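Sequence lines, in order, name chains A and B. Our numbering numbers the first residue of the first sequence as 28 and each following residue consecutively. Our numbering numbers the first residue of the second sequence as 6 and each following residue consecutively. Backbone N, C-alpha and C define an ideal beta-carbon position, used for all residues, glycine too. Here the structure is a predicted model, which is why all the values come from computation and not from measurement. Below is one structure, written out as structure tokens, with a few remarks after it.
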Amino acid sequence: MNTHSTTEVAQSGDVITRESAAGAERGGGLWGAIRFEWVKLWSVRSTWWCLATGVVLMVLWAGVVGYDYSYEDTAHPAPTDPFPVGDTTIQAAQLAQFAIMALAMLVITAEYASGSIRATLQCVPSRGRMLASKAILVGIVTFVYGLILAGAGTISGGIMLKDLAEVESSELFRQIPSVAAYLAMVGMFTLGVGFILRSAVGTLSISFLLLVVLPLIIRGIGVDFIQTIADFLPGSAGTYLLDGGGDRYGAGVAALILGAWTVAALGFGYSVLKKRDA
Amino acid sequence: MIAIRGLTKRYADKVAVDNISIEVAAGKVTGFLGPNGAGKSTTMRVIMGLDHPTAGEATISGKPYATLRWPMREVGALLDAKGVHPGRSGRDHLLSMAYSNGIPAKRVDQVLEEVGLAKVAKKRARGYSLGMSQRLGIAGALLGDPQVLLFDEPVNGLDTEGVRWVREMMRRLASEGRTVFVSSHLMSEMQQTADQLVIIGKGKVIMDAPMAEVIARGSRNAVIVRSPQTQGLDKLAQALESDAAVIERVSPHELHVVNGDVEVVGQRASELGVQLHELALRQSSLEDAYLELTAESVEYISAGRQSKA
Ligand SMILES: Nc1ncnc2c1ncn2[C@@H]1O[C@H](COP(=O)(O)OP(=O)(O)O)[C@@H](O)[C@H]1O
Ligand SMILES: [Mg+2]
Chain A
28 MNTHSTTEVA QSGDVITRES AAGAERGGGL WGAIRFEWVK LWSVRSTWWC LATGVVLMVL
88 WAGVVGYDYS YEDTAHPAPT DPFPVGDTTI QAAQLAQFAI MALAMLVITA EYASGSIRAT
148 LQCVPSRGRM LASKAILVGI VTFVYGLILA GAGTISGGIM LKDLAEVESS ELFRQIPSVA
208 AYLAMVGMFT LGVGFILRSA VGTLSISFLL LVVLPLIIRG IGVDFIQTIA DFLPGSAGTY
268 LLDGGGDRYG AGVAALILGA WTVAALGFGY SVLKKRDA
Chain B
6 MIAIRGLTKR YADKVAVDNI SIEVAAGKVT GFLGPNGAGK STTMRVIMGL DHPTAGEATI
66 SGKPYATLRW PMREVGALLD AKGVHPGRSG RDHLLSMAYS NGIPAKRVDQ VLEEVGLAKV
126 AKKRARGYSL GMSQRLGIAG ALLGDPQVLL FDEPVNGLDT EGVRWVREMM RRLASEGRTV
186 FVSSHLMSEM QQTADQLVII GKGKVIMDAP MAEVIARGSR NAVIVRSPQT QGLDKLAQAL
246 ESDAAVIERV SPHELHVVNG DVEVVGQRAS ELGVQLHELA LRQSSLEDAY LELTAESVEY
306 ISAGRQSKA
């Protein structure tokens with residue numbers, strides 16, 4: 028096979044184009060890096076497992092929430108007030124987020140585990156671009172997936188609520204994008220932690236701790252300033268965002284706090300990635 | 006062309022590469038030879054912008070790798086054959102890489118064909134043998150049709166046919182005017198492949214010379230003489246030294262005549278009436294010369310060799 032490259036040389040001696048066996052020089056850059064990540068994401072089974080798990084968790088849990096509300100037997104007469112369908116999804120999102128965390132984590136930790144991080148940096152040697160391409164990919168994929176999940180959860184919850192389902196479109200238009208935005212930020216935050224820690228176990232533990240465990244256990248403590256600290260944890264902000272605001276601050280502030288955590292995790296991830304040997 | 010200037014790389018307390026400067030020219034195969042732990046892989050990782058140098062720099066056509074716009078179109082490298090996600094097929098691995106540098110997808114099938122992996126390209130990398138992984142790594146290096154190629158121990162795990170294939174491929178790449186920099190810990194692999202040889206040991210360059218020069222310096226003949234008569238050997242040594250021969254007295258019963266001639270030594274011995282148990286010509290191989298050169302700097306010497314040394 029002929030892999031010779033032919034070089035067209037201008038009169039000044041400057042190389043003007045280089046047509047080679049590898050095609051003309053175009054593409055690459057940030058867009059190329061994102062396509063690179065895109066192909067990598069969909070070419071491993073773990074991605075599909077994560078997505079499938081998320082759907083199962085979401086549909087099951089939203090259904091359980093709906094069923095639980097509409098459940099009646101001799102001891103428990105069914106309530107007569109309708110239940111907003113979107114609330115089933117909001118509650119189930121807290122469970123389905125684990126699938127997103129696993130997906131986002133694998134985007135970086137699987138590369139460190141297999142050593143393919145070196146191949147990645149050979150293709151995209153600019154570390155900032157490499158990190159940006161992964162963050163953009165995870166952000167977009169988890170946002171779109173979050174919309175699908177929220178829709179699926181709403182349908183499942185609605186079916187199980189039967190005639191108690193309250194479908195109010197203005198509320199759903201807030202809730203479904205909120206779930207998607209929340210899950211996208213959870214994904215990018217976990218990715219940032221993954222860049223910092225590199226190991227799957229460490230990444231999951233820390234993300235789980237900050238997003239789920241700490242807000243939950245601090246809630247049980249009465250000391251006021253500890254409560255204030257807890258309000259600023261990503262998990263608490265996430266809950267406020269999903270609930271459309273709480274007693275301490277509104278959904279907009281919640282999104283800002285969660286966004287700040289995401290940016291901080293990715294920023295810290297970038298600073299260690301830049302210094303570290305691959 | 007690859008230029009390395011004053012490169013030092015230290016890991017915690019370990020100096021892996023110690024102030025080396027080399028230029029790797031285009032149109033040649035440059036062998037990068039040294040025992041395990043000499044610093045070859047570290048040097049290559051620094052060239053590829055993966056590890057940060059402690060001091061000095063490495064550039065490709067004057068630029069650091071990390072600043073190249075389409076890096077894979079300028080430099081192709083096989084560093085670690087096993088560094089592929091085990092759950093991804095070889096073809097998807099290459100396809101993703103192609104996208105990153107704007108290389109058309111048809112080029113992926115071309116290189117798969119070229120390295121002989123077309124049939125297994127859709128299988129997941131988990132199932133690849135070391136040899137297949139090496140071929141996949143080589144395919145990745147060739148993908149961007151680059152002018153500069155680095156291969157870190159490319160023949161590890163390949164069978165005889167594979168080794169010959171790699172050797173011929175590197176010769177061809179160099180003949181097309183490309184820069185080919187290939188590492189190995191075995192002189193025998195380099196002997197038939199490299200035009201230029203950079204030998205390193207314990208992070209330092211021991212020798213940087215054309216292959217022909219290394220061969221000339223490295224091949225040394227000696228006439229081995231063994232005799233039960235210690236005094237007879239003494240007399241023989243004196244006589245040969247007066248003929249300007251270089252003598253190494255290995256033991257009371259053995260001496261070596263460096264670059265000597267068997268007939269001349271035999272003649273002398275018979276003149277002096279020395280009884281001989283052995284008279285033989287020993288040609289030392291390039292491998293021996295290399296071992297001698299690097300003996301000082303071998304990190305993990307085997308017990309057997311150590312006692313001989
Ligand atoms: N990431 C690292 N951390 C610590 N020590 C390292 C690292 N990489 C290489 N070394 C050490 O540097 C030396 C050179 O290693 P290497 O470049 O792999 O040699 P070679 O490829 O010639 O066998 C060895 O002593 C090795 O243990
Ligand atoms: Mg090595």
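Best match in the options for proximity to residue i [C-alpha to C-alpha]
i	options	result
LEU266/A	ILE175/A, LEU237/A and ILE248/A	Per the sequence shown, residue 266/A should be read as Thr rather than Leu. For THR266/A, the nearest C-alpha among the options comes from LEU237/A.
LYS33/B	LEU260/B, GLN201/B, ARG273/B and ALA285/B	GLN201/B
GLN4/B	ASN226/B, GLY208/B and ALA274/B	Nothing can be reported for residue 4/B, as the shown portion of chain B is limited to 6 through 314.
LEU271/A	ALA126/A, GLY113/A and ALA291/A	The identity of residue 271/A in the sequence shown is Gly, whereas the question assumes Leu. The shortest Cα separation from GLY271/A among ALA126/A, GLY113/A and ALA291/A belongs to GLY113/A.
MET132/A	LEU241/A, GLY279/A, PHE252/A and ILE223/A	ILE223/A
GLY296/A	ARG72/A, LEU57/A and GLY155/A	GLY155/A
HIS90/B	ALA208/A, ALA305/A, VAL151/A and ARG72/A	ARG72/A
VAL113/B	GLY279/A, ALA48/A, TYR94/A and ARG275/A	ALA48/A
ARG176/B	GLY11/B, ALA31/B, VAL251/B and ALA17/B	ALA31/B
ILE9/B	THR72/B, ALA21/B and GLU62/B	GLU62/B
ALA146/A	VAL219/B, LEU148/B, ALA227/B and MET192/B	LEU148/B
SER232/B	ALA285/B, LYS111/B and MET174/B	ALA285/B
PRO106/A	GLU193/A, LYS302/A, GLU198/A and ILE203/A	GLU193/A
HIS98/B	GLY39/B, GLU166/B and LEU141/B	LEU141/B
ASP266/B	SER256/B, ILE204/B, ASP248/B and HIS282/B	ASP248/B
CYS150/A	VAL290/A, SER263/A and LEU57/A	LEU57/A
LEU178/B	LEU155/B, MET195/B and TYR70/B	LEU155/B
ALA305/A	THR136/A, ALA291/A and ALA126/A	THR136/A
THR74/A	ILE127/A, GLY294/A, ILE117/A and SER197/A	ILE127/A
SER66/B	ALA126/B, GLN152/B, LYS127/B and VAL125/B	GLN152/B
LYS87/B	MET137/B, GLY11/B, LEU238/B and LEU191/B	MET137/B
VAL228/B	MET192/B, GLN272/B and GLU194/B	GLN272/B
Straight-line gap, residue i to residue j (C-alpha atoms, nearest Å)
i	j	result
ALA300/B	SER290/B	15 Å
GLU35/A	SER234/A	Note that GLU35/A has pLDDT 42, beneath the 50 cutoff, so the model's placement of it is unreliable and no number is given.
ASP190/A	ALA282/A	33 Å
PHE200/A	GLY184/A	16 Å
MET28/A	ILE108/B	Confidence is the limiting factor: at MET28/A the pLDDT is only 44, short of 50, which leaves the residue's position unreliable, though a coordinate-based value still follows. Taking the straight line joining both Cα atoms gives about 18 Å.
ALA60/B	THR13/B	5 Å
SER134/B	ALA43/B	26 Å
ALA51/B	ALA120/A	Looking at the sequence provided, one finds Val at residue 51/B rather than Ala. Computed Cα separation, rounded: 45 Å.
GLU276/B	LEU163/B	55 Å
ALA217/B	VAL168/B	22 Å
VAL134/A	MET77/B	22 Å
SER226/A	VAL220/A	10 Å
LYS209/B	VAL160/B	24 Å
ASN41/B	GLU158/B	11 Å
LYS161/A	SER143/A	14 Å
ALA294/B	GLN280/B	31 Å
PHE239/A	TRP288/A	One point to set straight first is that residue 239/A is Val, not Phe, in the sequence displayed. Approximately 14 Å between the Cα atoms of the pair.
ARG129/B	ALA221/B	47 Å
GLN197/B	VAL80/B	24 Å
GLY173/A	ALA208/A	7 Å
TYR98/A	LEU122/A	21 Å
HIS31/A	SER180/B	The pLDDT assigned to HIS31/A is 49, lower than 50, so where the model puts this residue is not dependable, and the model offers no usable value.
HIS282/B	ILE205/B	40 Å
GLN38/A	GLU52/A	Any reading at GLN38/A must be qualified, since the residue scores a pLDDT of 43, below 50, and its modelled position is unreliable; no value is offered.
VAL22/B	LEU130/A	38 Å
ILE7/B	MET212/B	17 Å
PRO215/B	GLY54/B	27 Å
LYS68/B	VAL213/A	39 Å
LEU121/B	TYR139/A	Per the sequence shown, the amino acid found at residue 121/B is Gly instead of Leu. Going from the Cα of GLY121/B to the Cα of TYR139/A covers about 28 Å.
Per DSSP, the bridge partner or partners of residue i
i	result
SER256/B	GLU259/B
PRO152/A	Partner(s): none; PRO152/A has no beta bridge.
LYS189/A	Beta-bridge pairing links LYS189/A to no other residue.
ALA285/B	ILE229/B
GLN234/B	Answer by DSSP bridge pairing: none, since GLN234/B is not bridged.
GLY81/B	LEU154/B
GLU62/B	ARG10/B
ILE205/B	VAL210/B
SER47/A	GLY50/A
Give the residues from the segment 197-231 of chain A that approach chain E closer than 7 Å (Cβ to any Cβ), ordered along the chain. You won't find chain E in this structure, because its protein chains are A and B.
Inter-stretch contact at 8 Å, needing at least 3 Cβ pairs: the segment 169-181 of chain A / the segment 86-96 of chain A: Contact between the segment 169-181 of chain A and the segment 86-96 of chain A is present, because at least three Cβ pairs lie under 8 Å.
Taking 8 Å as the threshold, find out whether the segment 59-77 of chain A comes into contact with the segment 94-109 of chain B through three or more Cβ pairs. With the cut-off at 8 Å, the segment 59-77 of chain A and the segment 94-109 of chain B touch.
Report yes or no: do three or more beta-carbon pairs, one from the segment 250-259 of chain A and one from the segment 157-175 of chain A, lie closer than 8 Å? Output reads no: the segment 157-175 of chain A does not touch the segment 250-259 of chain A.
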